[in-house]
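Worksheet: the structure to be examined is printed underneath.
In our numbering, the protein residues as written are 21 to 74.
Encoded structure:
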């Protein structure tokens, strides 16, 4: 395993935040722990319910 300092630094990606976001965490190659990929997505604008429906 990684030293405590590294694990604590990496934990910031999964801690609660004040902004709206989705965080995806996966490993590569599949089923191995060689690399960890972290993708963070934030919305660009709010979509109003019913918008675009005709």
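The beta-carbon is built from N, C-alpha and C at its ideal position, and this holds for glycine as well.
- For residue 44, the enclosing beta strand (DSSP E) has its first and last residue at 42–48.
- Considering only 21, 35, 39, 27, the residue with the shortest C-alpha distance to residue 64 is 39.
- Spatial neighbours of residue 47 in its own chain (CB-CB distance under 6 Å, excluding positions within 5 residues in sequence) are listed in chain order as 53, 56.
- When the five nearest sequence neighbours on each side are left out, no beta carbon in the same chain lies closer than 6 Å to the beta carbon of residue 51.
- Secondary structure note for residue 31: its alpha helix (DSSP H) is the uninterrupted segment 24–31.
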